[in-house]
Each structure stands twice: as C-alpha cells, then as structure tokens.
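The number in this note's numbering is simply the position in the sequence shown, starting from 1, with 71 added. Ideal Cβ placement from N, Cα and C applies to all residues, glycine included.
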Amino acid sequence: AELRSATRREEAAQGLEQELQEDRARLQADLLELRAEAEAASARAEQAAGRAQEATESAEKTEASLRQQLATSVERAAHEERVAAEARTELATVQADSRMLL
Numbered sequence: 072a073e074l075r076s077a078t079r080r081e082e083a084a085q086g087l088e089q090e091l092q093e094d095r096a097r098l099q100a101d102l103l104e105l106r107a108e109a110e111a112a113s114a115r116a117e118q119a120a121g122r123a124q125e126a127t128e129s130a131e132k133t134e135a136s137l138r139q140q141l142a143t144s145v146e147r148a149a150h151e152e153r154v155a156a157e158a159r160t161e162l163a164t165v166q167a168d169s170r171m172l173l
C-alpha cells in the first residue's frame, strides 16, 4: 500500500514537473514574442521620430523661404511706391510748368 501510495505521489510529482516545464516553455515563448514586438515597436518609433524630425526641418526651411519671399516683396513694394511718388511729383511739376506756359 505504501509502495502504491509512493508510486502515485511520484507519478503526481512527475505530472506536476511536466506541467511546470510546459508552462515554463510557454512563458519563454511568450517572452520572446513580447521582446520581438517591443523591438518592432521601438524601430517604428525611431522611424516616426526620424520622419517627424525631417518634417520639422522641412517646415523650418519652408518658413525661412516664405519669410525671405515676404521681405523681398515688401522691399519691392516700397521701391515701387517710391518710384510712383517720384513720378507723381514729376507729373505735378510738368503740369505746373505747362500751366505757366499756357
């Protein structure tokens, strides 16, 4: 009876050991899968950060270019306004001179 009881306990212990080994193998497989997922997520995050940096640099270049274009346009408009003012002054002088001649 003791032998049968000991045999059953031994079989139960072996069964538990087998279950523990299977559980350990499953956990190790899950851990490997999670690590692979984490590495893939990290790579995607790095790529996204790179794209964000490129977009920021592109936006900054575009902003600088637009500011330069605006400055050029303002300078051109100021020059054209000065030329127009000079032309109006010259026209007024010519009109005054022609009135005196008439």
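Residues of the same chain with a CB within less than 8 Å of the CB of Glu157, apart from the 5 flanking positions on each side, do not exist.
DSSP places Leu105 inside the alpha helix (DSSP H), whose first and last residues are 73 to 172. Pairing Arg75 with Glu82, the inter-Cα distance amounts to about 10 Å.
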